[in-house]
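Protein chains in written order, with our numbering: chain D, 1075 to 1466; chain S, 1075 to 1466; chain C, 1075 to 1466; chain X, 1075 to 1466.
Even for Gly, the Cβ is constructed at its ideal location relative to N, Cα and C.
Treat the numbers as computed from the prediction; the structure is a model and nothing was measured.
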């Protein structure tokens, strides 16, 4: 019987919590609590923006969102006995929402504040609210669809070592330096703005706030992978970089489409997660799991069996240019093709875009060798619609 | 009861066949036969290299393969009544091999002759032979695995209009011109070498041989999409660019992993395909299916339910460089991570690479917005192994 | 956001609750609360025996269980506007356990107190305790297995009309009268012993206690169908026999095998259920749903894809007698064959029997016309075992 | 590459074939050919009535069918080295139809000639013809449905020992003797009429014709189990009763609903089957597989995920009588409930009945302990209909 080891008051910002959590990656953020291998436990999680987005019909909050605040994470959890070189085994036993918080949001970020995958086509902020009815969700802003949640943590990861952290910050800064004024930015450098670092304060807080890596990208430690299939029942094998592994989690999604293309993001929610941890001593070398986590999905993914699939190839639609096997362009075109189709059903482009980012759509790299065109697809489950959407 | 409308002698090269087929895209390649909408029919197909690869243990044939010869296609089929602007509806009713030809091959192309997705790591030619036992396949070159085929045509498409063909050749030439001596090449320009164009001969043959687009890349007409889920029972909606649509098919795969990462390719086979065609008049505009085909997968895909999933992020492992959301790099790293893991099970790198290219592995774009890292995954069905492959 | 409309203190017996619930079927049991069509709501449920079974290692409580007490149900819910002739549409939106109650039990009833499907082979009381770890369960009494719950209400139904109730009591009494002293009994007649009838008292209580039908059998109103696939996300269409339909629910199972062969039963648990109700006016006649409910299973059933299947035929193993297409005998033999096999893996007969009653095994009627033998099967998902169980 | 070891001319009756096959079970029927363990091979199979049913719109042939003729089987195959006590491992590698024979039939037997599960409601002969289009089938006699075949041998089994055969004949005769003039019969005794016994003739033919058990019922040797899930990719473990095991197969079904309720039967077809055999020495005792075969279904069953499910309980609808947990009655009522529903969609009762017997419907024993009512269900995949069939 899993105890709640990390409780939050969902009505308060992160720094006012009994256990404040954190929103940067750094090996020296103190653990919120520790557990032995073999232990199951629950943790509360706030939605990733720390309460900036409200359940209403205006996208003003999405437009103005403070992105230095994200992602507010729960943890870190110190796993007794975990050492660098081990594999940390994490079972995602269950995830849910708290009563009164059975809703989530999806948003398209404005071009000048983050942007999204199709930022050129959708430069304005938009928002959709999704209500949960048990395992299902519907949205007053995207009518005619209902689907079962493929609930998952968008972000789950372990602390980097100091060396790894330095590597991250270096390589990302180099990228930023190639076009430092780009809108939207190429990457987010460390910033002391809006930092939360658990119970830290003083000089140590200031140091870590300055050094801590941003949580937006997925990296060698897992992190913000936004993998929808890390759902209930999954088992993840993380490389361990620091003593105690220091596991953190957050950014819960009630559902998400592969790619999370609107950036904000899946159906973002607050809630709780139940985890179990274990250790495989020396597993990094034994299994060569050193660069990224490995996982086994759970057995209760929604079993949709009928899909309509849209293809895209790596010719840039914006200028007709032939790229060399660029999967991003191919996936972009698959998404645009899907949106054009959904518009023939009566959806606006924005609704279609948010639907692709929230429903359990599958994004695939189908061919990556047929020079010069990659072929990617996006597959939409047809059973989520309240009508037959096939061409006749 | 479907009639065989297009029969081949699998022991002879394409040009010696009663109906020679073709290996270039051009609107003026004459149809092999015509059918009315609503008709089911069978066609034989040769494996894509036209018989250059043999069922033996040497990769010499893969190393020396003549790529000007590929892909030898069956057709075109003229669909009576199909006009530009219509959607051509194609049902893939069934696919199979002929008795005596129940085997296929996978190969890694040599760097100097085409290369493959991981060409830097695997620059040498390699080959594996796969034997079919009913719905299953095994390989003497990749022991310890057995899986059910997700049999599909790697290539199925309609003829381009003259304008579309010109667009293809132009944009691809521009890409080639950026690095004309690259090894492997960035794209393949039209070439008259080893061309087959059905029953054509003389000046018309020479003109089309010079203009005809190569069949390697997928394009607006479908073509070499290498989508493993275009399997038995699928329905495809093609845009129509010429009178009669002129449908061609080939490059049958007994199975393929998403990405087809060794380039040669899936499990390449000769065989037959049973199709049914129909027309949705004016469907391109009505459903906005204008840029790429759309499809619905069939209901009999192998139902594997347990996967081990490898992640990759878009930091280039070759130089540590941080890219901006490059899904190719992310997928590359996912593949490399999987190969490293498979090597701990006793496979050579080449075996692991060919396994990822042949087994029904899923390649996904999971996150494409979390700047600066895309996250891609490759998921391997664990039930294909004759032992438990999970980390313990 | 669903409100809890029916709360229980799980530590107290039914009659001491604020809303006492009921354990008989009768049209005149007063509703616990009323809802409008279109409403979602939560209800707490006690496990079916009202707390008689404890989380320990002795089966003494199962042996002595008071079966006049079962099933303690939550409700009835009065659905505003529902009238005889309508269909009551019930969505099972979600089901879960309360913190601190994440466990359940399975038991084999003793021959002299209810018995079970294989009572001749297993006449003694037995018990296994199952611990829940999020979506999974394991048992210290049945080692080596772990499976995802297919959580469902064993019992959900609407109130009978007075006429229907009379019909039930009459036909069941006739059966009892054919062998009134049989052990175990052929059926359970109404009894005033251990009755709970919501807030009723006095003469009305006495009348209904005497008339009320027992809750053990499934009947025209649904009731104790013990259908494992009535799980999260299911929609049920009930015939309506009384004003307000009067929906009741209980007997939650974390999991159950088809047949629920040990009688006690699946993995019996306390917990909560979230429901949504709606009405199809005049639907009974329109859709001819008059004799039994109809339902649509939900999309999140555990996706096990590999089974070992045991057959049985309708020749009675106890005496060698050939029956005429008796599916009970055929299913009995399939179960016995499975138990014999599981014993070769090291399980005791009792463990194997309880495993078949708790894991998501499939019980099928495969052939029911091949005179004189019916063929039934029981299919065990192999992925629930921690080792390979296939014959080699 | 599997060779065809047993070829038939589908236009000729069984006795005129080069290898005549057989239609009775007896240990002394000579093997048609022998194979070594580890061998794959193909066999042709005639549809079970040996060509009595034609592709037309009259049920006259079903009404008059000679049931002494059934089932005409292919084989027996002598497996070298198989001995009593071993397990014979049979892989069903693939199944298909021959070109020109891509159709099948379903029939309801007349009451006076075999009858069927719902003989009281449907006493007259009926027939539906099903055309195959690759993996799909449709019927001009049951419009509005199309489904993927779950192709399987209705009958596959090994030869009984002489002792086992005697046991079968004895126990079945005893049943017949309880009501020898019943229409339809309780069981079929051995009869010399219309017997085929491979190449046998003379006195040995006469002896075996008199002793040979009829093929209609499934028995300890497998036989006519009519299990739809014994489809492509399945592996079966048979107990071995005679030297060489003597495996026979026939009664191919393109599809069948659980129960095969119209008796004639699934979608009956001629075709071919590809098998592979192996032996587990002493496996009967080791795995306690002695009374009935055990199997593992294949991975390519049609993946329908949305069902409408009809329940039935064990109260006899014909007289209102309460039975004691009679699963046949419960399944009967589930079927009748489904038929009543299908009639509201415009089908005749006969069409609905034949649909339930041919489509991949699931027949389940859900509860078999809730005295006095068993609960059975029949689940219809909704995706086989060309319209939405849900109640609204």
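(Q) For residue 1386/D, report the span of its beta strand (DSSP E) as first-last. (A) DSSP places residue 1386/D in the uninterrupted beta strand (DSSP E) bounded by 1381 to 1387.
Q: For residue 1396/S, name the three-state secondary structure that DSSP assigns.
A: Correct three-state label for residue 1396/S: strand.
Q.
Quick check on the burial criterion: 16 or more other C-beta atoms within 10 angstroms. Buried or exposed for residue 1046/X?
A. The structure shown does not extend to residue 1046/X, since chain X is modelled only from 1075 to 1466, so the question has no answer here.
Q) Roughly how many whole angstroms lie between the Cα atoms of residue 1199/S and residue 1088/S? A) Taking the Cα positions, residue 1199/S is about 25 angstroms away from residue 1088/S.
Q: Between the Cα of residue 1235/D and those of 1153/D, 1100/D, 1246/D, 1248/D, spot the shortest distance and give me the residue it belongs to.
A: Of all alpha-carbon atoms in 1153/D, 1100/D, 1246/D, 1248/D, the one lying nearest the alpha-carbon of residue 1235/D is that of 1100/D.
Q.
Once DSSP output is grouped into helix, strand and coil, what is the label at residue 1193/S?
A. Looking at residue 1193/S - three-state DSSP - the assignment turns out to be coil, as it is neither helix nor strand.
Q. Residue 1192/S: which of 1415/S, 1258/S, 1105/S sits nearest, CA to CA?
A. Nearest neighbour of residue 1192/S by Cα position, chosen from 1415/S, 1258/S, 1105/S, turns out to be 1258/S.
(Q) For residue 1213/X, would you say it is in contact with chain S, using Cβ-to-Cβ distances shorter than 9 angstroms as the test? (A) For residue 1213/X, the answer is no, since every Cβ of chain S falls outside 9 angstroms of its Cβ.
Q | Neighbourhood of residue 1145/S by C-beta, 7 angstroms cutoff - its chain only, sequence neighbours within 5 removed | A | Around residue 1145/S: 1097, 1122, 1229, 1289, 1298, 1324, 1325.
Q | Continuous beta strand (DSSP E) stretch holding residue 1423/X: start and end | A | That residue, residue 1423/X, is in no beta strand (DSSP E); its alpha helix (DSSP H) goes 1423 to 1432.
(Q) Taking the alpha-carbon of residue 1147/S as reference, which of 1309/S, 1094/S, 1337/S, 1459/S has the nearest alpha-carbon? (A) If we check each option's Cα against that of residue 1147/S, 1094/S comes out closest.
Q | Under 7 angstroms by beta carbon: chain C residues contacting residue 1246/X | A | Near residue 1246/X (Cβ distances below 7 angstroms), the residues of chain C are 1396, 1446.
Q | Inter-residue CB distance, residue 1308/D and residue 1394/D (contact presumed, cutoff 8 angstroms) | A | Going by Cβ atoms, the distance from residue 1308/D to residue 1394/D rounds to 42 angstroms, so no, they are not a contact pair.
(Q) Is the separation between the beta-carbon of residue 1339/D and that of residue 1431/D shorter than 9 angstroms? (A) Going by C-beta atoms, residue 1339/D is nearer than 9 angstroms to residue 1431/D.
Q. Which parts of the stretch 1203 to 1275 of chain C are runs of the alpha helix (DSSP H), unbroken and 4 residues or longer, counting only runs that do not cross its ends?
A. The stretch 1203 to 1275 of chain C contains these whole alpha helix (DSSP H) runs: 1236 to 1251.
Q: Would you mind working out which of 1253/C, 1274/C, 1280/C sits nearest residue 1264/C, comparing C-alpha positions?
A: In terms of CA proximity to residue 1264/C, 1280/C leads the group 1253/C, 1274/C, 1280/C.
Q) Between residue 1335/S and the rest of its own chain, which residues show a CB-CB distance below 8 angstroms, the 5 nearest in sequence each way excluded? A) Once the five neighbours on either side are set aside, the close Cβ partners of residue 1335/S are 1190, 1191, 1192, 1409, 1427, 1430, 1431.
Q | Three-state secondary structure assigned by DSSP to residue 1407/S | A | It is helical.
Q.
Contact criterion: CB-CB distance below 9 angstroms. Does residue 1436/D meet it with respect to chain C?
A. At a cut-off of 9 angstroms between C-beta atoms, residue 1436/D does not count as an interface residue with respect to chain C.
**Q.** Where residue 1149/C meets chain D, residues with beta-carbon distance less than 7 angstroms
**A.** Neighbours of residue 1149/C across chain D, judged by C-beta separation under 7 angstroms, do not exist; the nearest C-beta is about 18 angstroms away.
Q: Determine the burial state of residue 1292/C: buried for a count of at least 16 other Cβ atoms within 10 Å of its Cβ, exposed for fewer.
A: Flag for residue 1292/C reads buried.
Q.
Could you give the first and the last residue of the continuous beta strand (DSSP E) run that contains residue 1149/X?
A. For residue 1149/X, the enclosing beta strand (DSSP E) covers residues 1147 to 1153.
(Q) Going by DSSP, what residue range makes up the beta strand (DSSP E) through residue 1323/D? (A) Per DSSP, residue 1323/D belongs to the beta strand (DSSP E) from 1321 to 1327.
Q: Please check if any C-beta of chain S sits within less than 9 angstroms of the C-beta of residue 1184/X.
A: Closer than 9 angstroms: no.
**Q.** One or two residues paired with residue 1107/C in a DSSP bridge
**A.** Residue pairing by DSSP puts residue 1107/C in a beta bridge opposite 1151/C.
Q. At least one CB of chain C closer than 9 angstroms to the CB of residue 1415/S: is that the case?
A. Not one chain C Cβ lies under 9 angstroms of residue 1415/S.
Q.
Measuring CB atoms only, is the stretch 1401 to 1415 of chain D touching the stretch 1364 to 1378 of chain S, in the sense that at least three cross pairs come out at less than 8 angstroms?
A. In short, these stretches touch, since the Cβ pair count reaches three.
Q.
Here's the rule I'm using: 16 or more other beta-carbon atoms within 10 Å means buried, otherwise exposed. How should residue 1226/D be labelled?
A. Around the beta carbon of residue 1226/D, a 10 Å sphere encloses 16 or more other beta carbons of the protein chains shown; the residue is thus reported as buried.
Q) Where in the stretch 1312 to 1366 of chain S do unbroken runs of the beta strand (DSSP E), each at least 3 residues long, occur, reported from the N-terminal end onward? A) Those beta strand (DSSP E) runs which fall completely within the stretch 1312 to 1366 of chain S and span 3+ residues are 1321 to 1327, 1337 to 1342, 1345 to 1354.
Q. Assuming residue 1396/C contacts residue 1245/X under a Cβ cut-off of 8 angstroms, what Cβ separation, rounded to an integer in Å, is found between them?
A. With a Cβ gap of about 4 angstroms, residue 1396/C and residue 1245/X count as contacting.
Q.
Looking at the strands, I want to know which residues DSSP matches up with residue 1503/S.
A. A question about residue 1503/S goes unanswered here, because the residues of chain S that appear run from 1075 up to 1466.
Q) How big is the Cα-Cα spacing for residue 1273/S and residue 1104/S? A) The alpha-carbon atoms of residue 1273/S and residue 1104/S are separated by roughly 7 angstroms.
Q: Could you tell me which chain D residues have their CB closer than 9 angstroms to the CB of residue 1301/S, listed as they occur along the chain?
A: Simply 1383, 1385, 1438, 1440, 1441, 1449, 1451.
Q.
Going by C-alpha to C-alpha distance, which of 1166/C, 1215/C, 1267/C, 1127/C sits closest to residue 1342/C?
A. Per the Cα distances, 1127/C.
Q) Is residue 1277/S buried or exposed, if buried means 16 or more other CB atoms sit within 10 Å of its CB? A) Here residue 1277/S is exposed: its Cβ has fewer than 16 other Cβ atoms, across all protein chains shown, within 10 Å.
Q. For the beta strand (DSSP E) that contains residue 1438/S, what are its first and last residues?
A. It spans 1436 to 1441 - the beta strand (DSSP E) in which residue 1438/S sits, taken as one unbroken run.
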